[in-house]
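At position 145 of the sequence shown the residue is numbered 145 (the working numbering), and the sequence of numbers has no breaks. We put the beta carbon where it would ideally sit given N, CA and C, even for glycine. Note that the coordinates shown come from a computational prediction; the quantities given were computed from them, not determined experimentally. Report on one structure; see the data block that follows.
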Amino acid sequence: MRSPSIRNPSAAPSERRQRPAWLLVFVLLISALDATAAPAAVSSLAEKLAQLDALHDRRDEPTALATARRLADAVLAEAPADYDVLWRAARVLFTASDEPSAPAAERSRLGKQGYDVALRAIGANPNRVEGHYWAALSIGSYAEEMGVLHALAAGIEGKFKRPLERATALDVAYDHGNIPAVWAAYYLELP
């Protein structure tokens with residue numbers, strides 16, 4: 001008599017050889033991993049953005065700022081056109097440009113870099129406040145090394161005012177209500 005086999009369709013169901021339980025578990029596990037691969041990547045990016053937000057709360061700590069800069073570079077490489085990545089990266093660059101112990105030329109360079117990234121954020125979503133706000137602050141950092149008169153002559157004023165006006169119109173209470181404080185600082189700097 002032949003031994004029952006899975007290949008013998010004429011064998012009675014009770015005579016067919018059963019597949020090992022571990023094989024079924026393995027197939028189900030592979031299917032589950034494959035089905036969740038894309039959401040895991042999205043979740044990973046969301047977790048990195050949440051980490052950037054947490055690091056921003058500790059931005060006065062040199063290690064937190066250094067970690068935020070590395071993480072911002074990583075998420076920019078991962079998702080270079082994502083609005084939420086862009087404005088957070090601009091925020092990190094502005095924060096680094098606002099570090100008083102950094103040389104003025106480095107602060108200016110970081111401000112310009114932050115402004116460029118913020119402009120990309122504005123291009124990705126012009127109807128949200130964050131890109132406009134960080135663009136204004138970043139171009140302000142860039143202009144500080146120039147001095148007020150040189151910055152005015154170079155047309156920096158419009159690059160500062162336009163995004164700040166748009167940020168004001170979108171959400172004047174953004175960043176704990178700092179937009180009016182930024183306007184006040186702007187008017188205090190003018191000759």
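Taking the CA atoms as reference points, VAL172 sits about 12 Å from ARG128.
Annotated as proximal: ALA68 and ARG59, with beta-carbon spacing under 9 Å. If you ignore the 5 residues before and after ALA143, its C-beta comes within less than 6 Å of the C-beta of ALA151 and ILE156, all in its own chain and listed in chain order. Going by beta carbons, VAL117 and SER97 fall outside the 9 Å limit. Per the Cβ contact rule, the segment 120–136 is not in contact with the segment 95–111 (fewer than 3 Cβ pairs under 8 Å). With a 10 Å radius around the Cβ and a threshold of 16 neighbouring Cβ atoms, ALA154 comes out exposed. In the three-state scheme derived from DSSP, where H, G and I count as helix and E and B as strand, VAL172 is classed as coil.
Shown here, GLU61 sits in coil according to DSSP, grouped into three states, outside any helix or strand.
Taking 9 Å as the cut-off, the Cβ atoms of ALA124 and LEU86 count as close. Shown here for PHE160: same chain residues with a beta carbon closer than 8 Å to its own, the five before and five after excluded, namely ALA136, ILE139, GLY140, ALA143 and TYR186 in chain order.
When the Cα atoms are used, ARG166 and VAL92 turn out to be separated by approximately 21 Å. Under a 10 Å Cβ-count criterion, THR95 is classified as buried, with 16 or more other Cβ atoms of the shown protein chains found around its own Cβ.
DSSP places LEU188 in the uninterrupted alpha helix (DSSP H) bounded by 179–189. Relative to the Cα of ALA169, the nearest Cα in the group GLY147, GLN51, GLU130 and LEU190 belongs to GLU130. For ARG88, the enclosing alpha helix (DSSP H) has its first and last residue at 83–97.
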